[in-house]
Amino acid sequence: MGSVAAAAAEGKGDREEEEGAKALLALLQRVQSEALRLLGPVDFDPKLYVDLPLAPGADRAAAESALASVATREEMEAYLARYFAAAGSDLLAADPPDFDPEPRGFLPRVAAGGEARAWALQVHALWKDLARRVAPDVAARPGRHTLLPLPGRVVVPGSRFREVYYWDSYWVVRYMEQDIAVFAELIGDKAAAEIFSGASKAHAIRQSETICGILRWNGESLTLASPHRPGLVPFLDEAKSVRVMRSLQTSGLVYPAGIATSVSNTGQQWDFPNGWAPLQHLITEGLLNSGSTEAKKFAEDIATRWVRTNYAAYKSTGAMHEKYDVEACGKSGGGGEYKPQTGFGWSNGVLLSFMEEFGWSQDKEIGCLS
Ligand SMILES: OC[C@H]1O[C@H](O[C@H]2O[C@H](CO)[C@@H](O)[C@H](O)[C@H]2O)[C@H](O)[C@@H](O)[C@@H]1O
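Residue numbers for the sequence shown, in UniProt numbering: 1 to 370.
In structure tokens, the structure reads:
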């Protein structure tokens with residue numbers, strides 16, 4: 001085939017894939033509505049349906065027609081098994097061959113031989129479970145998947161959150177810029193692609209100069225790289241820092257196991273009594289960046305509560321959680337639209353970041369103080 005003809009054929013193929021992707025989304029929306037009708041709200045997780053890739057060899061048009069005759073929960077199960085592959089099956093485990101179970105410079109201020117360090121190493125090992133790569137079929141036949149292809153390894157939050165998440169990634173890995181550059185390229189935003197690609201390269205250079213506290217696989221950092229992020233948390237002068245701290249201390253948000261998300265108990269997950277790792281981290285960073293010794297002590301106090309509750313919950317459940325209940329040490333969070341999830345990207349990143357920043361001495365109790 002001549003090059004013009006080949007390019008035309010390729011363009012036609014791209015258009016077909018694009019139309020296929022739109023049609024798949026429309027079909028999955030219909031499947032989702034049907035599933036809600038048949039399963040009822042309790043057993044229904046809306047995210048499952050939008051994550052379904054077409055099964056190898058399954059025909060989308062046939063799946064569209066067959067949906068009309070699905071009338072029971074059992075028929076829905078059979079229908080899904082026939083036409084779709086499992087949700088998340090287009091993200092493959094990506095066990096990093098060069099994973100170092102205890103990298104050089106790992107948490108230098110956490111006492112060797114202690115319980116805290118043994119646990120931190122277990123949390124570090126969780127990155128292996130959370131590493132994924134996108135299956136080759138996603139790029140080859142995008143019309144059969146709802147996932148966007150990313151070129152390298154990625155780290156996912158965990159459980160039902162099977163793909164890369166926007167702000168979660170900040171607490172997981174600084175290399176997020178690389179992924180944003182790819183997404184920007186995909187939607188044709190060349191300017192954004194250049195900015196984020198440049199930022200990614202700049203971080204890569206800075207990362208190679210920073211040794212302590214950065215864990216690497218293949219030259220990529222997999223934890224929150226530095227506890228100090230200029231730009232994200234503003235620097236306040238000492239007087240303002242103390243005012244902000246007092247206001248936080250009297251806000252009704254400070255609890256034995258961390259800072260609550262809000263004072264309203266609505267049953268929603270971003271409300272009381274839940275505490276989320278990124279918020280503990282942002283507040284702690286802000287206090288640390290202040291010129292006030294008292295604010296810095298308060299930052300350590302918040303981090304200590306958070307580490308203890310994470311530890312106690314890990315000991316009793318064997319998992320790191322997406323959110324925690326700040327009312328009691330060792331209790332994971334709940335509420336909202338889906339079952340509480342474990343894994344968990346940003347919780348692990350914040351925990352390791354706190355351990356790095358504040359250390360943990362041999363004689364400091366890691367469990368809950370009763
Ligand atoms: O269904 C409620 C929300 O669930 C997701 O958001 C939650 O998990 C994300 C991944 O950890 C996290 O980035 C977000 O802050 C959490 O609220 C989903 O991404 C949301 O679209 C959805 O509304």
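All C-beta atoms, glycine included, are put in the ideal place defined by N, C-alpha and C.
**Study point:** Local conformation of glycine 198 per DSSP, three classes
**Key:** The sequence position of residue 198 within the sequence shown is 198, counting from 1. Helix at glycine 198.
Exercise for review: Any chance you could list the alpha helix (DSSP H) runs of at least 4 consecutive residues sitting entirely within the segment 23 to 92, in chain order?
Suggested key: 46 to 50, 60 to 67, 73 to 83
Point to revise | Endpoints, the beta strand (DSSP E) within which arginine 133 is located | key: The residue labelled residue 133 in the question sits at position 133 within the sequence shown. First-last of the beta strand (DSSP E) with arginine 133: 131 to 134.
Review point. Does the beta carbon of phenylalanine 161 fall short of 7 Å from some heavy atom of ligand 1?
Key: For the purposes of this step, residue 161 is identified with residue 161 of the sequence shown, where counting begins at 1. Using a cutoff of 7 Å, the CB of phenylalanine 161 counts as near ligand 1, since one of the ligand's heavy atoms is closer than that.
Check your understanding: From which residue to which residue does the alpha helix (DSSP H) around tryptophan 171 run?
Key -> Along the sequence shown, one-based indexing puts residue 171 at 171. Tryptophan 171 -> alpha helix (DSSP H) spans 168 to 172.
Review point. What residues in its chain sit with their C-beta under 7 Å from that of phenylalanine 44, if we drop five residues either side in the sequence?
Key: As a first step, residue 44 is located in the sequence shown; it is residue number 44 there, counting from the start. When the five nearest sequence neighbours on each side are left out, the beta carbons in the same chain lying within less than 7 Å of the beta carbon of phenylalanine 44 are those of Ala35, Leu36, in order along the chain.
Point to revise | Environment of leucine 369 [buried if 16+ CB atoms lie within 10 Å] | key: For the purposes of this step, residue 369 is taken as residue 369 along the sequence shown, with counting starting at 1. It counts as exposed.
Exercise for review: Assign serine 353 to one of two classes, buried (16 or more other C-beta atoms within 10 Å of its C-beta) or exposed (fewer than that).
Suggested key: Residue mapping note: residue 353 aligns to position 353 of the sequence shown, counting from 1. Counting Cβ neighbours within 10 Å, serine 353 comes out buried, since at least 16 surround it.
Exercise for review: Kindly examine ligand 1 and report whether one of its heavy atoms sits closer than 7 Å to the Cβ of leucine 336.
Suggested key: Taking the sequence shown and counting its residues from 1, one reaches residue 336 at position 336. Residue identity check: residue 336 is glycine in the sequence provided, not leucine. Glycine 336: yes, Cβ under 7 Å from ligand 1.
Check your understanding: Rounded to whole angstroms, how far is the Cβ of glycine 336 from the Cβ of glutamine 280, which I believe are closer than 8 Å?
Key -> The count along the sequence shown starts at 1 and reaches residue 336 at position 336. The count along the sequence shown starts at 1 and reaches residue 280 at position 280. 18 Å between Cβ atoms; not a contact.
Check your understanding: On the three-state DSSP scale, how would you describe asparagine 348?
Key -> For the purposes of this step, residue 348 is taken as the residue at position 348 of the sequence shown. In the displayed model, asparagine 348 falls within a helix according to three-state DSSP.
**Study point:** Beta-carbon contacts of glycine 188 that lie in its chain and below 7 Å, excluding the five residues immediately before and after
**Key:** Here the question's residue 188 lines up with position 188 in the sequence shown. Hits under 7 Å: none found.
Review point. Nearest-angstrom Cα distance between isoleucine 366 and threonine 309?
Key: Here residue 366 refers to the residue found at position 366 of the sequence shown. Here residue 309 refers to the residue found at position 309 of the sequence shown. Cα-Cα distance, rounded: 9 Å.
Exercise for review: Taking the CB atoms as reference points, tell me whether alanine 125 and proline 157 lie closer together than 8 Å.
Suggested key: As a first step, residue 125 is located in the sequence shown; it is residue number 125 there, counting from the start. As a first step, residue 157 is located in the sequence shown; it is residue number 157 there, counting from the start. Cβ distance not < 8 Å, so alanine 125 and proline 157 don't count as in contact.
Check your understanding: Count the other CB atoms within 10 Å of the CB of serine 226; is the residue buried (16 or more) or exposed (fewer)?
Key -> As a position in the sequence shown, residue 226 is number 226, starting the count at 1. Since pLDDT at serine 226 reaches only 33, below the 50 mark, its modelled position is unreliable, and the value read off the structure follows with that caveat. Its Cβ being crowded by 16 or more others within 10 Å, serine 226 is buried.
Check your understanding: From this set, Ala78, Phe196, Val50, which residue's C-alpha is nearest leucine 148's C-alpha?
Key -> Numbered from 1 along the sequence shown, position 148 holds the residue referred to as residue 148. Looking at the Cα atoms, Val50 is the closest of the given residues.
**Study point:** Whole-angstrom distance between alanine 260 and glycine 275, CA atom to CA atom
**Key:** Along the sequence shown, one-based indexing puts residue 275 at 275. Along the sequence shown, one-based indexing puts residue 260 at 260. Roughly 5 Å between the two C-alpha positions.
**Study point:** At least 3 beta-carbon pairs within less than 8 Å: the segment 60 to 67 vs the segment 92 to 109
**Key:** no
Check your understanding: Roughly how many whole angstroms lie between the Cα atoms of alanine 66 and glycine 13?
Key -> Against the sequence shown, residue 66 aligns to sequence position 66. Against the sequence shown, residue 13 aligns to sequence position 13. Computed Cα separation, rounded: 26 Å.
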